[in-house]
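If you read the sequence shown in this note's numbering, its first letter stands for residue 248, the second for the next number, and so on.
Backbone N, C-alpha and C define an ideal beta-carbon position, used for all residues, glycine too.
Given the structure is predicted, the values throughout are model-derived calculations rather than measurements.
In what follows, a structure is listed as structure tokens, so that the remarks can point back to it.
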Amino acid sequence: MTVMSPSLKAEIRDLSFSFGQVQVLKSVTLPISERRVTALIGPSGCGKTTFLRCLNRMHDLHPDARYKGEIILHPDKINILDPAVDPIEVRMRIGMVFQKPNPFPKSIFANVVYGLQIRGIRDRATLDERAVQALQDAALWDEVKDRLHGPATALSGGQQQRLCIARALATNPEMILFDEPTSALDPVATSKIEELMTDLKQKVTIVIVTHNMQQAARVSDFTAFMFLGKLIEFDRTDTIFTNPSSKLTEEYVTGRFG
């Protein structure tokens, strides 16, 4: 059953994606609700991360990438797969946090304002203000406010991941994509990131890929189950986990395969 939210941030329409002759995604149609968390679950190799990276055109960096279909971004209703749309601008509107923390070999401050400087913002007062706000939104400010010009690589793994979230937030994105954001973290750091996502959805739309079904159940409002490049089922998270309509979904969420 397809659930349509009263307020949509994006609509994925009949999206297929290939690397050369290898088709990875097959006609995926999916709504993304505004200021909600949508989780993508499914076994390894089912296309979750490939789908996620389509949402901000990360695959453009691969010469054999081929998109088919539409990704309509609201409220302006632009198709972000249109070749006339600048992928750099797409990535400013749709940020991404990767599986492993990837701070740049710069100071904490320089990491946070990097995207702003790429956009040509040089005013120090503006950079300072946005950096403070982003670090506060990422629940990191109190831990780093006295060492903003120290190396980002000196932070713990969990702090580095929250720094990467702050870096994504600094450009005021409309959506943030999380690709297995806690898989390299310990349980305490994982809990902080999950709490942070719950807070962040008051401001931004979140899409998360996770292998951890308990995590999907804890943090998401909607869940999409994918298998072999296809969307098998999409619904409210509690429905997916307690009353799925597909036998395949039921077998996956109950641990019978995957």
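Shown here, Gln-449 sits in coil according to DSSP, grouped into three states, outside any helix or strand. According to DSSP, residue pairing for Asn-326 in a beta bridge involves Ile-319.
Taking a C-beta distance under 9 Å as the contact criterion, Leu-262 and Ile-318 qualify as a contact pair. By the C-beta criterion, the region 493-500 is judged not to be in contact with the region 267-283, since fewer than 3 inter-stretch pairs fall below 8 Å. Ranked by Cα distance from Thr-285, the options Gly-476, Phe-488 and Thr-470 are led by Thr-470. For the set Gln-462, Gly-397, Ser-403 and Leu-395, the Cα lying nearest the Cα of Phe-425 is the one of Gln-462. In this structure, Leu-443 sits near Ala-385, with a CB-CB distance shorter than 9 Å.
The secondary-structure analysis by DSSP pairs Thr-470 across a beta bridge with Ala-286 and Asp-482. Note on Pro-434: under 16 other CB atoms within 10 angstroms of its CB, so exposed under the neighbour-count rule.
Using a 10 angstroms sphere on the CB of Leu-308, the tally of other CB atoms stays under 16, which defines it as exposed. DSSP places Glu-258 in the uninterrupted beta strand (DSSP E) bounded by 255-266. Look at Ala-357 here: in three-state DSSP terms it is helix. Apart from sequence neighbours up to five positions away, the residues of its chain that approach Ile-479 with a beta-carbon distance below 7 Å are Phe-472, Met-473, Ser-493, Leu-495 and Thr-496, ordered along the chain. For the pair of segments examined, the region 381-399 was found to touch the region 408-415: the number of CB pairs separated by less than 8 Å reaches three.
For Leu-374, the secondary structure class from DSSP, reduced to helix, strand or coil, is helix. For Ile-341, the uninterrupted beta strand (DSSP E) segment begins and ends at 341-344.
For the set Pro-428, Ile-368 and Asn-358, the Cα lying nearest the Cα of Gly-397 is the one of Asn-358. Here the alpha carbons of Met-422 and Thr-452 stand approximately 5 Å from one another. In this structure, the beta-carbon distance from Ala-331 to Phe-264 does not fall below 9 Å. With fewer than 16 other CB atoms across the displayed protein chains lying within 10 angstroms of its CB, Ser-291 is exposed. Looking only at Glu-498, Thr-297 and Gly-289, the smallest Cα-Cα distance to Phe-266 is reached by Thr-297. Annotated three-state conformation of Ala-431 is coil, per DSSP. A direct Cα-Cα distance of roughly 17 Å separates Leu-402 from Gln-346. The three-state secondary structure of Pro-278, taken from DSSP, is strand. The C-alpha of Pro-420 is placed about 6 Å away from the C-alpha of Gly-342. Leu-299 places its beta carbon less than 9 Å from that of Val-454.
In the structure shown, Ile-412 falls within a helical segment according to DSSP collapsed to helix, strand and coil.
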